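Undergrad:
2 protein chains.
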Amino acid sequence: MVRPLRVAAAQVGRIDRGTPRAAVISRLNALLDQAAERGVKLAVFPETTFSTFFPRYWIEDQAEIASYFEKEPVEGIACCETVKAFFDKAATLGVDVAIGYGEETPDGTRFNTASYVSDRKTVGKYRKVHLPGTFEPFSKDPSVTNQLEKYYFKPGDYGFKAFRAPSLKKACGGEKSPIVGQLICNDRRWAEGWRVYGLQGVEIMCIGYNTTAWAPQLWGIDPDSMTREEAYADAMFHHKLVCQTNAYTNSTFLITSARCGKDDGIYPLISGSMIVDPEGHIVAENKTEEDELVVADIDLDACQQGKTKTFAFAKHRRVEHYGLICERAGVVEPEEPEEA
Amino acid sequence: MVRPLRVAAAQVGRIDRGTPRAAVISRLNALLDQAAERGVKLAVFPETTFSTFFPRYWIEDQAEIASYFEKEPVEGIACCETVKAFFDKAATLGVDVAIGYGEETPDGTRFNTASYVSDRKTVGKYRKVHLPGTFEPFSKDPSVTNQLEKYYFKPGDYGFKAFRAPSLKKACGGEKSPIVGQLICNDRRWAEGWRVYGLQGVEIMCIGYNTTAWAPQLWGIDPDSMTREEAYADAMFHHKLVCQTNAYTNSTFLITSARCGKDDGIYPLISGSMIVDPEGHIVAENKTEEDELVVADIDLDACQQGKTKTFAFAKHRRVEHYGLICERAGVVEPEEPEEA
C-alpha cells in the first residue's frame, strides 16, 4: 500500500423518538472507543445521528422540533454541551469524525448538515442539497410514515465543496493531504453532487443516511404491490447501486454509514453501511442492524487507476454537450413530430 | 400494462477482421426475422455492428480503414447497398431498429454513430460523445489490444437529443409517442449524457457496445494482477452497474446490446445484453456469447413511478450547485491548507 489508511463506517442502530440525547452520545462514544482501539483514523457516522429520524413525523410541538437542532457553537462546532463530549472524546482519541446533525444558524435557518471534525476543529462542512419527500405531510395520522425534510430543512447553500484533511496526511503519508467530500443520504442518488466532487479530485466520500425500508407513499407504490421484505431488499439494492456506481465513476473511496434498526419498534430503516473502493467494489460491510463499526484498510493510491485512465476527466469529458444539466431543473419533453 | 411494448436487444457474436459485410448482414437479417416472428417492435443492435471492432487495431492501410465507414446515403440512411438490405428487411417486417456503425460525412469527417430507423426513415441519430482510449497506439505490435477511437473518430457533435418514435405509439398506445434516446458504449459510464436525456423525459434508452474483456493497458493495470476470468467478470460488473444505476436515476427503460464473442479467436468482448426497467432491475438478459435476441415485454407507464416521486427533477434538483459540471472538463484539486 502506497497511501494506507484505516477507516470506518460507524453504523448506529435503533433510536426512538424519546431517546435522550445523552443516551445516544454514550453509544457514539462506545463506537469511538472501538475505533481508537482498532487504529481507525476516520470514522463516518450517519445523518442526523443525535436523534431519531424526526422528518418521518408530522410534529406540531415547536419545542420538540427545536430539540432536534444544534444551535450553540461550542469551540467552533455547532453543538450543545451533551454533544460536545462526543467531539472531545474523538479529539482525545485522535479519531477524525464526519457526522450528520440538524443545524440551526444564528438567524434561525435550519439545515440537514454534516461536519468533518478533526481535533475539535471543523475541517469541512456540508449542508444537504437534495432534500427528498414533500413540504406537506402525506397524512397527519401518526400511523403514516412521512418524509418532511423539505418542511423541516432549507436546501443546503454551500454546494459541494471538497476539502483536504491534513490530519489524514499524517496517517497515510504522500505529498498532499487526502481530498474529502461529504454528501447526505438522498444526495447519493444524484450524480451531479458526486461529479462536482469528482471534478475536485475527491479521494474519500463520506455519506451518512437514514433510508426507510417501508414508505409506499414516498415511493408512489401500492402498499399491496410488494411485501415488506421485498421493499427492504429493493431499498438496499438501490442504495448499493448508486453508491457503487458513483464511487466507480468518480474514482473515489466511499465510507457510508446507516442509521438503521426499527425506530420506536415501528419504523424500519435499512442498514447497508459499507466501504467501497474506487472501482466500485464493496471492501467491507455491516453484519448487523445495530451499532457496529465497519472497518477497512484502504490505499488512497488506488484512486489513480480510474482518475488517470477510464475516468481521466480532462481527456474524455465534453462539457459543450452538458448544458441542460445546469440550465434547467425539470423535464421538457420533445415535441410530437408533425404527421405523427 | 398501460403502455405495453415488446422490445429486444439483438446481441451479435464474433465478427473477425476479415468477415465480409454481406456475411454480417445475413446474420443481422436472421435476428430481424426472429424479432418479427416474436412480435418485437424495436430491436437494438450493437455499436459498429457491420464489422469487427476495428479501433482495437493499429491499421496503416487507409483503404481498410475506409472500409469500416458508411458513406453514401441510401434513401436517407447513410449506408452501402449491402447494408441497405438490412434496413429494407426491417421496414418490410415492421421492426424499428437502433443500430451503430462507422459514419463518414460528405466532408470526410468520421463519427461513431447510431441511428434509430423506422420504415427506412432516420427518426433519431446520435454520434458518440465520449470516445475512450488514446490518440496514439499503446503499441503497433499486432499482439497488443489498442483502443484507438480517439484516432479513428471525431467526438460527436449532435449532443444528446431525445426524440419521439411515432411508430411505437401505434404499438403501445398512450396519448404521446414514446421518448427515445441513444448512447454508444463508453457513454454509458458518463452520467452527464444520461441526465441530459433524463431532462428530456426519456423513456427508452438504446445503447450498443463493444467492451473488451481484456485490456490491461487501457485500464492501467498490471496484466499479472488479475486473471482473464476475473477481468471479464469485472468488466461485466462495471457494465451492469452503470447501466442499472443510470436507468434507475433517470427513470427510463434501457435496451443495451453487445457485440461479443472472441473476435479473430483472440480478442474477447463481454456479452451482457439486457433490458433494464426504470427501477434499475434487469428484466431480461443474454444466455449466450453468440448472436441472440433478448426479448422483453415492457410497460412504458412504469417510468412514471420514478419520474413523479424519487426522481421528480423539478422538485428536487438544485441547478445552482451544479456549475462545475459544465464549466470545466478536468479536475482542479483544492489547495493544501496553510499550516498543514
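Protein chains in written order, with UniProt numbering: chain A, 1 to 340; chain B, 1 to 340. We treat Cβ as the ideally placed atom computed from N, Cα and C, and that holds for glycine. Note that this is a predicted model, so its numbers are computed, not measured.
(1) Please check if any C-beta of chain B sits within less than 8 angstroms of the C-beta of residue 341/A.
(2) Beta-carbon of Q62/A versus every beta-carbon of chain B: anything under 8 angstroms?
(3) Check whether chain A comes within 8 angstroms of residue 382/B, counting only Cβ atoms and requiring the distance to be less than that.
(4) Return no unless some Cβ of chain A is closer than 8 angstroms to the Cβ of K309/B.
(5) S115/A by DSSP, collapsed to three states: which one?
(6) Rounded to whole angstroms, what is the Cα-Cα separation between E192/B and G198/A?
(7) How big is the Cα-Cα spacing for A340/A and N29/B?
(8) Could you work out which residue in G108/A, K309/A, G159/A and A171/A is closest to D96/A when comparing CA atoms only?
(9) Rank E338/B, T52/B, D299/B and K315/B by C-alpha distance to the C-alpha of M1/B and give the top, closest one.
(10) Mind pulling the chain A residues with CB within less than 9 angstroms of Q147/B?
(11) Identify whether N186/A lies in helix, strand or coil by the three-state DSSP scheme.
(12) Can you list, in chain order, the residues of its chain whose CB lies under 6 angstroms from that of A43/B, leaving out five sequence neighbours each side?
(13) From this set, L31/B, R3/B and L5/B, which residue's C-alpha is nearest E290/B's C-alpha?
(14) Any beta-carbon of chain A closer than 8 angstroms to the one on residue 347/B?
(15) Out of F163/A, P4/A, K307/A and T252/A, point me to the one whose CA is closest to E338/B's CA.
(16) Taking C-beta pairs closer than 7 angstroms, name the residues in chain A that C326/B reaches, listed in chain order.
(17) For S177/B, would you say it is in contact with chain A, using Cβ-to-Cβ distances shorter than 8 angstroms as the test?
(18) Relative to the C-alpha of K315/B, which residue among L93/A, D88/A, D301/A and F135/A is closest?
(19) On the DSSP letters alone, give me the boundaries of the beta strand (DSSP E) that L241/A sits inside.
(20) Can the beta-carbon of F87/A be found less than 8 angstroms from the beta-carbon of V117/A?
(21) Would you mind stating whether H321/A and G159/B have Cβ atoms separated by less than 8 angstroms?
(22) If the criterion is Cβ atoms closer than 8 angstroms, does the pair L218/A and G133/A meet it?
(23) With C-beta atoms as the reference, is Y101/B less than 8 angstroms away from T48/B?
(24) Does the region 272-286 of chain A come into contact with the region 230-248 of chain A, if we say contact requires no fewer than three beta-carbon pairs (one atom in each stretch) closer than 8 angstroms?
(25) Residues of chain B with a CB under 8 angstroms from the CB of I221/A: which are they?
(26) Using a C-beta cutoff of 8 angstroms, does F313/B count as contacting chain A?
(27) Name the chain B residues that come within less than 8 angstroms of V332/A, Cβ to Cβ?
(28) Figure out for me which residue from D119/A, H130/A and L168/A has the closest Cα to the Cα of Y151/A.
(29) Starting from the Cα of G201/B, find the closest Cα among V332/A, D16/A and A63/A and give me that residue.
(30) In terms of residues, what are the limits of the alpha helix (DSSP H) holding Q217/B?
(31) According to a CB-to-CB cut-off of less than 8 angstroms, which residues of the region 27-38 of chain A neighbour chain B?
(32) Nearest by alpha-carbon distance to I15/B: which of G306/B, L269/B and F311/B is it?
(33) Relative to chain B, which residues along the region 240-267 of chain A have a C-beta separation below 9 angstroms, given in chain order?
(34) Name the two residues that bound the continuous beta strand (DSSP E) containing E292/A.
(35) Hey, how far is the Cα of F54/A from the Cα of T109/B?
(36) Could you check how far apart the C-beta atoms of V12/B and P46/B are, in whole angstroms? I think they sit under 8 angstroms.
TA: A quick look at the data gives this:
(1) Because chain A is modelled from 1 through 340, residue 341/A falls outside the range shown and cannot be assessed.
(2) no
(3) Any property of residue 382/B remains undetermined from this structure, which presents chain B solely from 1 to 340.
(4) yes
(5) strand
(6) 13 angstroms
(7) For A340/A, the predicted structure reports a pLDDT of 48, less than 50, and the residue's modelled location is therefore unreliable. A value from the coordinates is still provided. Approximately 27 angstroms between the Cα atoms of the pair.
(8) A171/A
(9) D299/B
(10) Within chain A, no residue comes near Q147/B; the closest Cβ sits about 10 angstroms away, beyond 9 angstroms.
(11) helix
(12) Contacts found: A8, A10, A35, V95 and V97.
(13) L31/B
(14) Past the edges of chain B, shown from 1 to 340, lies residue 347/B, and the structure says nothing about it.
(15) F163/A
(16) V319, Y322, G323, I325 and C326
(17) yes
(18) F135/A
(19) Looking at the DSSP string, L241/A is not in any beta strand (DSSP E); the run it does join, the alpha helix (DSSP H), is R228 to T249.
(20) In this structure, V117/A lies closer than 8 angstroms to F87/A by Cβ.
(21) yes
(22) yes
(23) yes
(24) yes
(25) Q305
(26) Yes, its Cβ sits closer than 8 angstroms to a Cβ of chain A.
(27) L199, Q200 and G201
(28) H130/A
(29) V332/A
(30) Where Q217/B is concerned, the enclosing alpha helix (DSSP H) stretches over P216 to W219.
(31) none
(32) L269/B
(33) L241, V242, Q244, T245, N246, Y248 and T249
(34) From DSSP, the beta strand (DSSP E) with E292/A extends over E292 to D299.
(35) Whole-angstrom Cα-Cα distance: 58 angstroms.
(36) The pair is a contact, with the Cβ atoms about 5 angstroms apart (cut-off 8 angstroms).
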